[in-house]
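Engineer: This note's numbering runs 11 ahead of the 1-based position in the sequence shown. C-beta atoms are modelled at their ideal positions from N, C-alpha and C, and glycine is treated no differently. Right, I'll just put the structure down here and ask away after.
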Amino acid sequence: MANLNTFDKQVLEKLFEMGDGYVSDFSNLSMEEFFKEELNVNIFDDKYNYRSGSKANRLRAFWRIEDNKTVAKSIIKLIEYIEHKILIGDFKKENYPDELIKAAYKIAKKLDNNIIDLNKEVSNLEANIINGNINIVLNNKVFAHVKELLADGHYFHAVEESFKIVREKLREITGKERATEAFREQNYEKIFGHSPQNETERDFFEGVKFLHMAIQFFRNEKVHTPAYKIDKNLAIHYIVLASLAYELIDRGKNNE
Numbered sequence: 012m013a014n015l016n017t018f019d020k021q022v023l024e025k026l027f028e029m030g031d032g033y034v035s036d037f038s039n040l041s042m043e044e045f046f047k048e049e050l051n052v053n054i055f056d057d058k059y060n061y062r063s064g065s066k067a068n069r070l071r072a073f074w075r076i077e078d079n080k081t082v083a084k085s086i087i088k089l090i091e092y093i094e095h096k097i098l099i100g101d102f103k104k105e106n107y108p109d110e111l112i113k114a115a116y117k118i119a120k121k122l123d124n125n126i127i128d129l130n131k132e133v134s135n136l137e138a139n140i141i142n143g144n145i146n147i148v149l150n151n152k153v154f155a156h157v158k159e160l161l162a163d164g165h166y167f168h169a170v171e172e173s174f175k176i177v178r179e180k181l182r183e184i185t186g187k188e189r190a191t192e193a194f195r196e197q198n199y200e201k202i203f204g205h206s207p208q209n210e211t212e213r214d215f216f217e218g219v220k221f222l223h224m225a226i227q228f229f230r231n232e233k234v235h236t237p238a239y240k241i242d243k244n245l246a247i248h249y250i251v252l253a254s255l256a257y258e259l260i261d262r263g264k265n266n267e
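Put into structure tokens, the structure is as follows:
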């Protein structure tokens, strides 16, 4: 269950126009497609059939059933949907006050503070797509390892530590630290949960190997040079790369 209080729900229901059983301008079909494409969720699954089974009640059931991270992502995606509709002229901006949108973003932040806004201080982890910002949800373990360094402005060391935890994860899974050794074919099942089923999948596995090789080359450069000032945005780009590398080897293990 997501940690939404009464006031949170009032804000969200107002922004998403959930009166009379609706959610924004969604039809049943468009809402089903939206949740499937953006969240990989079947919102018309029986478990979300709450009270009347209307679109609004299904969203309320979703809030009650799903965890904080999933609900936070859904809030962000629905806000993005509204902002896009405003941008293309389908919705009138005056119907969606900035303060209401900001309040909804704060609710998402409260639920999952792993969402980083590239144009804000890292200590203010509020997701946003305004002015071209992109929402990135980092791997939880990578983020937990570096968030204090980021919040304190130690960007060089945050990058170094993000690369370090990726290398340690690879060693945990395969017994090898170097990507060239860890990604030998006999380790594919350890890393990905299975051997490649075809040439396309084999190419993907090779791509993951080269990603880890790049991470290790970047880390070697940082380990063997004195700490230097690094721009926050560049640091976040490096850490996103580390997050992807970690996620791709952790996913296979979880699917075993």
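Are the segment 27-38 and the segment 86-97 touching, with three or more C-beta to C-beta distances below 8 Å?
Structural biologist: Cβ pair count under 8 Å is three or more, so yes.
Engineer: With a 10 Å radius around its C-beta and 16 neighbouring C-beta atoms as the bar for buried, classify N244 as buried or exposed.
Structural biologist: The count along the sequence shown starts at 1 and reaches residue 244 at position 233. Result: exposed.
Engineer: My understanding is that A115 touches Y166, with C-beta atoms under 8 Å, so please give their C-beta distance in whole angstroms.
Structural biologist: For the purposes of this step, residue 115 is taken as residue 104 along the sequence shown, with counting starting at 1. For the purposes of this step, residue 166 is taken as residue 155 along the sequence shown, with counting starting at 1. Not confirmed; about 29 Å, so no contact.
Engineer: Can you list, in chain order, the residues of its chain with a C-beta nearer than 6 Å to that of K80? Leave out the 5 residues immediately preceding and following it.
Structural biologist: Within the sequence shown, numbered from 1, the residue matching residue 80 stands at position 69. D123.
Engineer: Going straight from the alpha carbon of F8 to that of V153, what length do you get?
Structural biologist: With the chain running from 12 to 267 in the structure shown, residue 8 is simply not present.
Engineer: Can you tell me where the alpha helix (DSSP H) with E38 in it begins and where it stops?
Structural biologist: The count along the sequence shown starts at 1 and reaches residue 38 at position 27. The sequence shown places Ser at residue 38, rather than the Glu named in the question. Here S38 belongs to no alpha helix (DSSP H), and DSSP marks it neither H nor E.
Engineer: Pull up the distance between the alpha-carbon of N39 and that of K104, whole angstroms please.
Structural biologist: On the sequence shown, residue 39 is found 28 positions in, with the first residue counted as 1. On the sequence shown, residue 104 is found 93 positions in, with the first residue counted as 1. C-alpha separation (whole angstroms): 24 Å.
Engineer: Which class does I147 belong to by DSSP, given the choice of helix, strand or coil?
Structural biologist: Position 136 of the sequence shown, counted from the first residue, corresponds to residue 147. Strand.
Engineer: Taking all protein chains shown into account, decide if T17 is buried (16 or more other Cβ within 10 angstroms of its Cβ) or exposed.
Structural biologist: For the purposes of this step, residue 17 is identified with residue 6 of the sequence shown, where counting begins at 1. Classification of T17: exposed, given that the 10 Å Cβ count is below 16.
Engineer: For the alpha helix (DSSP H) that contains Q21, what are its first and last residues?
Structural biologist: Counting from one through the sequence shown, the residue named residue 21 turns up at place 10. Note, Q21: alpha helix (DSSP H), T17 to L26.
Engineer: Which runs of the alpha helix (DSSP H) spanning at least 4 residues fall entirely within the segment 54-83, listed in chain order?
Structural biologist: Runs found: 66-76.
Engineer: Can you check which of these residues, R71, E183 and L259, is closest to N60 by C-alpha distance?
Structural biologist: Counting from one through the sequence shown, the residue named residue 60 turns up at place 49. Comparing Cα positions, the closest option is R71.
Engineer: Quick one: Cα of N209 to Cα of D57, how far?
Structural biologist: Taking the first residue of the sequence shown as 1, we reach residue 209 at position 198. Taking the first residue of the sequence shown as 1, we reach residue 57 at position 46. If you take the alpha carbons of N209 and D57, they lie about 36 Å apart.
Engineer: Just how far apart, CA to CA, sit I250 and Y33?
Structural biologist: The residue labelled residue 250 in the question sits at position 239 within the sequence shown. The residue labelled residue 33 in the question sits at position 22 within the sequence shown. I250 and Y33: Cα-Cα distance of roughly 39 Å.
Engineer: Near E49, which residues of its chain fall below 7 Å by C-beta distance, leaving aside the five closest residues on each side in sequence?
Structural biologist: Translated into the one-based positions of the sequence shown, residue 49 becomes position 38. So the list reads K88, once near-sequence residues are dropped.
Engineer: So what's G333 in DSSP terms, helix, strand or just coil?
Structural biologist: The displayed coordinates of the chain run from 12 to 267. Any statement about residue 333 would go beyond what the structure contains.
Engineer: Can you grab the Cα-Cα spacing for the pair E258 / K180, in whole Å?
Structural biologist: One-based indexing of the sequence shown puts residue 258 at position 247. One-based indexing of the sequence shown puts residue 180 at position 169. Cα to Cα, E258 sits roughly 10 Å from K180.
Engineer: In or out: H248 buried (at least 16 other Cβ within 10 Å) or exposed?
Structural biologist: Here residue 248 corresponds to residue number 237 of the sequence shown, with the count starting at 1. When all chains shown are included, H248 counts as exposed.
Engineer: Between A13 and E192, what straight-line distance do the alpha-carbon atoms span, to the nearest angstrom?
Structural biologist: For the purposes of this step, residue 13 is identified with residue 2 of the sequence shown, where counting begins at 1. For the purposes of this step, residue 192 is identified with residue 181 of the sequence shown, where counting begins at 1. Rounded to the nearest angstrom, the two C-alpha atoms are 42 Å apart.
Engineer: If I follow the unbroken alpha helix (DSSP H) through H168, where does it start and stop?
Structural biologist: Along the sequence shown, read from residue 1 onward, the residue named residue 168 stands at position 157. Its alpha helix (DSSP H) spans residues Y166 to T185.
Engineer: Answer yes or no: do S85 and F102 have a C-beta to C-beta separation smaller than 8 Å?
Structural biologist: Here residue 85 is taken as the residue at index 74 of the sequence shown, counted from 1. Here residue 102 is taken as the residue at index 91 of the sequence shown, counted from 1. Against a cut-off of 8 Å, the Cβ pair of F102 and S85 comes out as no contact.
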